[in-house]
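Single-structure report; data block below.
Number of protein chains: 2
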Amino acid sequence: MELVNLEQFFKENKQLVEEYLTANISELHAPTVIVDAMKYSLDAGGKRIRPLLLLATLQSFGKDEAIGLPVAAAVEMIHTYSLIHDDLPCMDDDDYRRGKLTNHKVFGEAMAVLAGDALLTFSFQVITRLIKEYKIDPLTGMKLVEELAMAAGPEGMVGGQVADMEGEGKSLSLNDLIYIHEHKTGKLLEFSLVAGATLANASEEEIKKLREVAYHIGLAFQIKDDILDIEGEQEKIGKRVGSDTANDKVTYPSLLTLEGAKDKLQEHISAAKALLSSLELKNDLLHQVCDLIGNRDH
Amino acid sequence: MELVNLEQFFKENKQLVEEYLTANISELHAPTVIVDAMKYSLDAGGKRIRPLLLLATLQSFGKDEAIGLPVAAAVEMIHTYSLIHDDLPCMDDDDYRRGKLTNHKVFGEAMAVLAGDALLTFSFQVITRLIKEYKIDPLTGMKLVEELAMAAGPEGMVGGQVADMEGEGKSLSLNDLIYIHEHKTGKLLEFSLVAGATLANASEEEIKKLREVAYHIGLAFQIKDDILDIEGEQEKIGKRVGSDTANDKVTYPSLLTLEGAKDKLQEHISAAKALLSSLELKNDLLHQVCDLIGNRDH
Numbered sequence: 001m002e003l004v005n006l007e008q009f010f011k012e013n014k015q016l017v018e019e020y021l022t023a024n025i026s027e028l029h030a031p032t033v034i035v036d037a038m039k040y041s042l043d044a045g046g047k048r049i050r051p052l053l054l055l056a057t058l059q060s061f062g063k064d065e066a067i068g069l070p071v072a073a074a075v076e077m078i079h080t081y082s083l084i085h086d087d088l089p090c091m092d093d094d095d096y097r098r099g100k101l102t103n104h105k106v107f108g109e110a111m112a113v114l115a116g117d118a119l120l121t122f123s124f125q126v127i128t129r130l131i132k133e134y135k136i137d138p139l140t141g142m143k144l145v146e147e148l149a150m151a152a153g154p155e156g157m158v159g160g161q162v163a164d165m166e167g168e169g170k171s172l173s174l175n176d177l178i179y180i181h182e183h184k185t186g187k188l189l190e191f192s193l194v195a196g197a198t199l200a201n202a203s204e205e206e207i208k209k210l211r212e213v214a215y216h217i218g219l220a221f222q223i224k225d226d227i228l229d230i231e232g233e234q235e236k237i238g239k240r241v242g243s244d245t246a247n248d249k250v251t252y253p254s255l256l257t258l259e260g261a262k263d264k265l266q267e268h269i270s271a272a273k274a275l276l277s278s279l280e281l282k283n284d285l286l287h288q289v290c291d292l293i294g295n296r297d298h
Numbered sequence: 001m002e003l004v005n006l007e008q009f010f011k012e013n014k015q016l017v018e019e020y021l022t023a024n025i026s027e028l029h030a031p032t033v034i035v036d037a038m039k040y041s042l043d044a045g046g047k048r049i050r051p052l053l054l055l056a057t058l059q060s061f062g063k064d065e066a067i068g069l070p071v072a073a074a075v076e077m078i079h080t081y082s083l084i085h086d087d088l089p090c091m092d093d094d095d096y097r098r099g100k101l102t103n104h105k106v107f108g109e110a111m112a113v114l115a116g117d118a119l120l121t122f123s124f125q126v127i128t129r130l131i132k133e134y135k136i137d138p139l140t141g142m143k144l145v146e147e148l149a150m151a152a153g154p155e156g157m158v159g160g161q162v163a164d165m166e167g168e169g170k171s172l173s174l175n176d177l178i179y180i181h182e183h184k185t186g187k188l189l190e191f192s193l194v195a196g197a198t199l200a201n202a203s204e205e206e207i208k209k210l211r212e213v214a215y216h217i218g219l220a221f222q223i224k225d226d227i228l229d230i231e232g233e234q235e236k237i238g239k240r241v242g243s244d245t246a247n248d249k250v251t252y253p254s255l256l257t258l259e260g261a262k263d264k265l266q267e268h269i270s271a272a273k274a275l276l277s278s279l280e281l282k283n284d285l286l287h288q289v290c291d292l293i294g295n296r297d298h
């Protein structure tokens, strides 16, 4: 198994993804203000985790990452639309995200709703470039359309957001908490791994295992977030330490104790790595992603 | 050319479309409240113009309408999501639509935003049933995904909505007005005709003509709306006569005079029918649709 420099891989491919996003948005024949509003939030930074996971999966199966760009861009557009709508006054009512004014603070609420709608819709247009520009088999294209719609819609991300809203101020069980995270953030992560593997013509069996990997990675990511809220350094995590406790939020540590949450984190990381080891991957990119999630300090 | 009873065709197929919509929404594995919110607006009635145009086009090319159901349902879901978002307080701030409370008045603003997002996303999931249940060629499926995303997104319906908002309170030219209607309502109508023809394996040339038919039908529909606002009977059109003038809205009659608008309406209807006559259609359904648009009293 080839050893790849994860940092280098992320840096190079992040740039590729961002250039591809910019190129696609710039080509739009649409009123300037909606293009500006879409661009504003797409350009607002972020780790580009979902597209990078997709491209890393492609490379892990020995495929050229470039064929993944349309789908990588699509999943990032969907993630971005969800942030724009989540920040609206009627949802979380946030004025800032990553240190920048939120979309509706700059463009107004109506335009923010429409910019989200536009990004969500445009993501499905961008996916069709797989067929025209990358000569991918249309049946694979339709599978990815279905997979993305399921991951993003009422049975996926939107369903998780609804469950999260419904659960506010209520006492949640561990299963409730898992349902919320598995859907609100987990389903798009799962999509990223599955889409990469699908484009690499992985077998049904391999894709099934990657779904499980995504499940463990997604929950590990969330548990680590909860732990950092207690133990992290404010400057590094970019928000006040202890905000979950202050907001009476149900978290893994509040349900399992801090030690219990740390054990659970290790369980999920180990399970993900064991599954990855059972696949014949060309390099250790996804193993490194698992370690990164467990050890990150922000 | 076979003569078909349009009223009968609409009645039977409206029921088919509504049953198909209900069946698809009912199967969702999602939190009850989001399914209820999606259903509420889908069940709120309406003429189902877009799905019926799609099925009428299929039958005009001699194909079984049933294969059009997934796409017909998808376009109706997109239309419905656009109404939910348009009614939001930050957009048109409407409390009622077709005599029923708007989505956000029943489910709250946050849930209405999410119900719209869910319907928009789910529409692309439903389209993929073409492949699995109706054995349609996946390349045709991908073409329809692209066509629907273009018609609904920033280059289509969303772009028209933005232009409409930007134009409020400004003096618009006839070209501005055409841009708004062509995009805000025209593009989904165009999609309906093009999708029906695409599923019927129509030629590029035929599809090009149907795009022009859709252009004329869409503008004729809008001009007739503007005329009814001046000459219609309040009980039939369901809103106060003269509301456009009272709201200082730029309309066809305000730009062309009432007589000029009536002439323009007839021009568009004639142009649409001439184009239809140049196609070898199996029946007169689409001709009847043109007459209906020109002669309707509500």
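Quick mapping for you: the protein sequence lines, in order, are chains A and B. So that you can map any letter, position 62 of the first sequence is 62 in full-length UniProt numbering, and since no number is skipped, the others follow by simple counting. So that you can map any letter, position 211 of the second sequence is 211 in full-length UniProt numbering, and since no number is skipped, the others follow by simple counting. For glycine and all other residues, C-beta sits at the position ideal for the given N, C-alpha and C. Since we're looking at a predicted model, the values are computed, not measured.
Between the Cα of residue i and those of the options, spot the shortest distance and give me the residue it belongs to.
i	options	result
residue 301 of chain A	A:Leu193, A:Asn201, A:Leu219	No statement about residue 301 of chain A is possible, as the shown extent of chain A runs from 1 to 298 and does not include it.
Ser278 of chain B	B:His29, B:Leu144, B:Leu210	B:Leu210
Leu256 of chain A	A:Leu189, A:Gly232, A:Glu212, A:Ser173	A:Ser173
Asn175 of chain B	B:Ile34, B:Glu190, B:Thr251	B:Thr251
Leu275 of chain B	B:Gly186, B:Gln15, B:Ser171, B:Lys208	B:Lys208
Leu114 of chain A	B:Phe61, B:Glu259, B:His104, B:Ile84	B:Ile84
Lys39 of chain B	B:Thr22, B:Gly46, B:His29	B:Thr22
Ser203 of chain B	B:Ile237, B:Phe191, B:Phe61, B:Leu88	B:Phe61
His268 of chain B	B:Ser192, B:Asp92, B:Val213	B:Val213
Ile237 of chain A	A:Glu206, A:Ala195, A:Asp297	A:Asp297
Please check if any C-beta of chain A sits within less than 8 Å of the C-beta of residue i.
i	result
Thr121 of chain B	yes
Met91 of chain B	yes
Phe107 of chain B	no
Leu88 of chain B	yes
Asp117 of chain B	yes
Pro138 of chain B	yes
Ser30 of chain B	Just to set this straight, residue 30 of chain B is Ala in the shown sequence, not Ser. Yes, Ala30 of chain B counts as interfacial toward chain A.
Ile237 of chain B	no
Glu166 of chain B	yes
Thr74 of chain B	The question names Thr, but residue 74 of chain B is Ala in the sequence shown. For Ala74 of chain B, the answer is no, since every Cβ of chain A falls outside 8 Å of its Cβ.
Val241 of chain B	no
His85 of chain B	yes
Ala23 of chain B	no
So the alpha helix (DSSP H) residue i belongs to, where does it begin and stop?
i	result
Ile227 of chain B	204 to 231
Asn201 of chain A	From DSSP, Asn201 of chain A is part of no alpha helix (DSSP H); its letter is neither H nor E.
Thr80 of chain B	69 to 87
Pro253 of chain B	252 to 277
Gly294 of chain A	285 to 295
Arg50 of chain A	49 to 60
Ser41 of chain A	32 to 42
His183 of chain B	Note, His183 of chain B: premise wrong, no alpha helix (DSSP H); not H, not E.
His298 of chain A	That residue, His298 of chain A, is in no alpha helix (DSSP H); it is neither H nor E in DSSP.
Lys105 of chain B	103 to 107
Please work out which residues of its chain come closer than 7 Å, Cβ to Cβ, to residue i, disregarding the five sequence neighbours upstream and downstream, and give them in chain order.
i	result
Ala44 of chain A	Arg97, Arg98, Lys100
Arg240 of chain A	Gln234
Pro253 of chain A	Asp226, Ile227, Ile230, Ala261
Ala72 of chain B	Val17, Pro51, Leu54, Leu55
Ile180 of chain B	Gly160, Ala163, Asp164, Gly167
Ser243 of chain B	Asp229
Asp95 of chain B	Leu101, Thr102, Lys105
Since I believe residue j is in contact with residue i (beta carbons under 8 Å), could you give me their beta-carbon distance rounded to a whole number of angstroms?
i	j	result
Ala74 of chain A	Leu148 of chain A	6 Å
residue 299 of chain B	Cys290 of chain B	Because chain B in this structure spans residues 1 to 298, residue 299 of chain B falls outside the shown range and cannot be described.
Val35 of chain A	Pro70 of chain B	About 31 Å; that fails the 8 Å criterion.
Leu281 of chain A	Met1 of chain A	6 Å
Glu76 of chain A	Arg48 of chain A	6 Å
For residue i, which residues in the same chain have their Cβ closer than 8 Å to its Cβ, ignoring the five residues on either side in sequence?
i	result
Ile67 of chain B	Leu58, Leu130, Tyr134, Ile136, Leu199
Asp117 of chain B	Tyr81
If you measure from the beta carbon of residue i to each beta carbon in chain B, is any gap under 8 Å?
i	result
Ala44 of chain A	no
Ala152 of chain A	yes
Leu228 of chain A	no
His287 of chain A	no
Phe191 of chain A	no
Pro70 of chain A	no
Ala149 of chain A	yes
Pro51 of chain A	no
His79 of chain A	no
Gly159 of chain A	yes
Thr128 of chain A	yes
Give every residue of the same chain whose Cβ lies closer than 6 Å to the Cβ of residue i, excluding the five residues on either side of it in the sequence, and list them in chain order.
i	result
Lys63 of chain A	Ala200
Is residue i close to the ligand COA? I mean its beta-carbon at under 7 Å from any heavy atom of the ligand.
i	result
Leu256 of chain B	The ligand COA is absent from the structure shown, which contains no ligand whatsoever.
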